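Notes for the one structure printed next.
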Amino acid sequence: MATVTIRQLYDMAVAILFERYGGDDDFDQLSPQFLSRMLQEALPYENQIREYQGREKLKSAPMITLIDDTVLDWDDNICKNALVHGLASCLLGDESNKQAEALIEYNKFVQALDEAAPAIPDWGDDDA
């Protein structure tokens with residue numbers, strides 16, 4: 865379980881871009897929506913981790929409305945690695961000369977999700 869706040873996650877993502885909170889108004893304003901989208905993409909991986917740990921699965925990803933000190937109760941690897949790269953990829957997406965970097969960050973997001981979730985084989989229905 866993570867102990868990272870939305871603000872800390874945001875700070876880690878914009879640091880990849882050599883920015884900080886308040887340094888780019890568009891980043892500050894659009895990041896909650898981007899982060900909400902990234903959380904939705906990460907939801908199946910978070911639920912796979914929760915299932916493996918015997919915890920209750922989430923029905924939906926949270927909707928982020930502010931960059932604040934709200935703690936995100938998700939897996940550390942998803943929060944501190946995958947979501948950071950996912951948010952950075954979104955923030956880079958608007959700059960035409962940064963498309964390659966945006967794709968690299970998105971690929972890091974996807975790879976980090978794959979690495980965070982335990983492999984749980986589904987061998988079929990045991991009742992058959």
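Here the working numbering is used: position 49 in the sequence shown is 913, and no number is missing along the way. Every residue, glycine too, gets a C-beta built ideally from N, C-alpha and C. These numbers were taken from a predicted model, which means no experiment stands behind them.
Distance between Gln872 and Gln897 (C-alpha atoms, nearest Å)
Rounded to whole angstroms, the separation of the alpha carbons of Gln872 and Gln897 is 16 Å.
Please specify which runs of the alpha helix (DSSP H), each continuous and at least 4 residues long, are wholly inside the segment 882 to 929, giving them in chain order.
Runs found: 889 to 917.
Keeping to the same chain, check which residues put their C-beta closer than 6 Å to that of Val974; ignore five residues upstream and five downstream.
Within the same chain, Val974 has no close Cβ partners at all.
Under 8 Å, do Ala966 and Gly957 count as touching if we go by C-beta distance?
In this structure, Ala966 places its C-beta atom within 8 Å of the C-beta atom of Gly957.
Alpha carbon to alpha carbon, how far is Tyr916 from Asp932? Give it in angstroms, no decimals.
In a straight line, the C-alpha of Asp932 is about 30 Å away from that of Tyr916.
Which whole runs of the alpha helix (DSSP H) in the segment 946 to 982 are 4 residues long or more, in chain order?
Fully enclosed alpha helix (DSSP H) runs of 4 or longer: 947 to 956 and 963 to 980.
Have a look at the DSSP bridge pairing and note the partners of Val935.
Residue pairing for Val935: DSSP places it in a beta bridge opposite Thr869.
Whole-angstrom Cβ separation of Leu922 and Asn911, contact assumed at under 8 Å?
Confirmed, about 6 Å.
Let me confirm a value: Gly918 is counted as buried when at least 16 other C-beta atoms fall within 10 Å, else exposed. Which label applies?
Answer is exposed; the Cβ neighbour count stays below 16.
Just the Cα atoms here: how many angstroms apart are Leu947 and Leu977?
Going from the Cα of Leu947 to the Cα of Leu977 covers about 9 Å.
If distances are taken between C-alpha atoms only, which option among Lys962, Asp937 and Ala877 comes closest to Ser895?
The shortest CA-to-CA distance from Ser895 to any of Lys962, Asp937 and Ala877 is the one to Ala877.
Are Phe891 and Leu955 close, meaning C-beta to C-beta below 8 Å?
With respect to Leu955, Phe891 sits close: the two C-beta atoms are nearer than 8 Å.
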